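First residue of the sequence shown? That's 1 in the UniProt record's numbering, and the numbers climb one at a time after it.
Here a beta-carbon is modelled for each residue, glycine too, at the ideal position from N, C-alpha and C.
What you are looking at is a predicted structure, and each value in this text was computed from that prediction instead of being measured.
These notes concern the structure reproduced below.
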Amino acid sequence: MSKAGVISEGNGEGRLAGFLSSQKNSFLQDLKDGKGKGWIVVMGNEAGDLDSLASSIAFSQLSATLNASRVVPLVLTPPKYMTLRPENLLVLQKTFIPLTSLLHASELPMLSSDLSKQGAKFALVDHNRLLPEFGAGHVEVVIDHHEDEGLHTDAAIRNITVPVGSCASLVTQHFKPQWEASLQHEAPIPAELATVLLSAILVDTAGLKPQGKATPIDYDSAEFLYRISTLPQPRNDVSFLSSPDGFSVPSPLTQLASILLETKSNISNLSTYELAMRDYKEYMWPTQAAAFPTLKVGLSTVPLSLKPWIERTPQGWNSLMQGIDEYMTERTLDIEGILTTFKSEKKGKHKRQLAVVVRSGGVIKDDDEAERVFDRLVQGLEGSGDILSLKRWKKEGTVRKENTKGKWVKIWVQGNTRSTRKQIAPLMKEIVATIQ
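So, in structure tokens, the structure goes:
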């Protein structure tokens, strides 16, 4: 048996999974009985990455065990799309958490917007705006590492810290004093929870890479979690993440990070629709235009260069655009941004591209309006200076055709590879706000 009793009763389900199943069943039964009051529903963002999943699971387990709170994690990713993030599945497998122990919105006996009517409150991790489908529910907790949108200022716990590599680090820090104290007794917190959190930190910081996204908060959290995780441990008690030259990452963490990152990048079997869906966030942004006061915008992060993406589709550029158009139409998007992130074939250097697609036929009724929106977006993005450092994509002329009716497309190489959706989303929101 692994330490802290990872496996229980030999049934392939860990202690953490047992807790999740119990919370899920109790919450669903209480909802059916009209007893939602006293429950807190914790959720990550709609992109459903490992950081969101780990942070929501951890907040639930730690709140329940250390504070005797009734907290249940709600996974926003539909069950049929869980396979789009193989790194999530790998971590769940390694920590003995069956998918059936997770609660999805489709399993609720009511609309998501009706949860607050039953008295349930919300906790947000890895984002700081309650999604529209949950109505005007009360947000009790916000723990996040994205730009502060200035909402839910009356939350009892509100910790938005930027920059930090992983929200899992902030969740760890929030509970760390109590968690450390609990270690003096018979371990009430399953060791696999530390492994789940640690895995999220490793993915979000590219293995705690020096000069990367990792901050001192991430390193401190990783060191604490490593010592109480299910991973192989160091032979002595010295501080192994700190060294005179900076930080030294133990080999078990380096190996785990390598496996997770390689698994995450395995997207060879995904369609254009699935690539757009797997790491996706959606926004409603205001404009100054009377004809369309708000625009629905989607931003998809895709770990693949556009050139091989185009080459692997049946009819190249046309097939790619058809897939994107179908995706935008199904989700009634007016604007879709595609943020590619990959390593160059020759030198293995990190690269990024940005593609913007504007579609008419939604709230943007005609082509003239769509072209005006498109031109303003292009002007604003190209004028953003060092935030993105956009340059012309040299291969554009060899792979793409002219804009088809009802759709406008522009592709750039992103010179500043440190800017991610965290920087691009607020920038695009500012540009959209100027559209008249």
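Taking ASN416 as the centre and dropping the five residues before and after it, the same chain places the C-beta of ASP386, ILE387, LEU388, SER389 closer than 7 Å to its C-beta, in chain order.
Contact between LEU304 and THR340 is confirmed by a C-beta separation of about 6 Å, below the 8 Å threshold. For HIS350, the closest alpha carbon among the candidates THR434, LYS117, VAL413 is that of VAL413. Ranked by Cα distance from VAL75, the options LYS307, SER265, ASP49 are led by ASP49. Annotated three-state conformation of GLN353 is strand, per DSSP.
For ILE217, the enclosing alpha helix (DSSP H) starts and ends at 216 to 227.
The C-beta of ASP33 has fewer than 16 other C-beta atoms within 10 Å across all chains shown, which makes the residue exposed. Within the DSSP secondary-structure output, ARG392 pairs in a beta bridge with TRP412.
In this structure GLU140 is buried. Its beta-carbon is surrounded by 16 or more other beta-carbon atoms within 10 angstroms. Per the DSSP secondary-structure output, LYS24 pairs with nothing in a beta bridge. In this structure, the straight-line span from the alpha carbon of ALA289 to that of GLN436 is close to 4 Å. By the Cβ neighbour-count rule, ASP126 is buried, with 16 or more other Cβ atoms within 10 Å of its own. Around ALA355, the same chain offers ILE338, ILE411 as residues with beta carbons nearer than 6 Å, after the five sequence neighbours per side are excluded. Residue ranges of uninterrupted alpha helix (DSSP H) with 4 or more members, entirely inside the stretch 247 to 315 and ordered along the chain, are 251 to 264, 272 to 278, 306 to 311. Here LEU28 has LEU103, GLU107, LEU108, PRO109 as same chain residues with Cβ atoms under 8 Å from its own Cβ, once five neighbours each way along the sequence are excluded. Boundaries cannot be given for ASP49, as no alpha helix (DSSP H) includes it and DSSP labels it neither H nor E. Rounded to the nearest angstrom, the Cβ distance from ALA200 to SER166 is 6 Å, consistent with a contact under 8 Å. With respect to the C-alpha of VAL164, the residue from GLY38, GLN211, SER182, ALA194 having the closest C-alpha is GLN211. Burial check for ARG421: the Cβ neighbour count within 10 Å reaches 16 or more, so the residue is buried. Per DSSP, the continuous beta strand (DSSP E) segment holding ARG158 begins and ends at 157 to 160. Look at ALA123 here: in three-state DSSP terms it is strand. About 6 Å separates the CB atoms of GLN23 and SER60; that is less than 8 Å, so the two are in contact. For LEU183, the closest alpha carbon among the candidates PHE224, PHE374, VAL41 is that of PHE224.
The C-alpha of PHE247 is placed about 42 Å away from the C-alpha of ILE335. Between LYS213 and LEU53, the alpha-carbon positions lie close to 19 Å from each other. Here ASP279 is near ALA47, since their CB atoms are less than 7 Å apart.
Take the alpha-carbon of ALA155 and the one of VAL71: they are about 16 Å apart.
Nearest neighbour of ARG359 by Cα position, chosen from ILE324, LYS343, GLN255, LYS407, turns out to be LYS407.
The Cβ atoms of VAL432 and LEU333 lie no closer than 7 Å to each other.
Taking the Cβ atoms as the reference, LEU99 lies roughly 7 Å from LEU92, within the contact range of under 8 Å. Looking at the DSSP output, ILE335 bridges to VAL297, VAL358.
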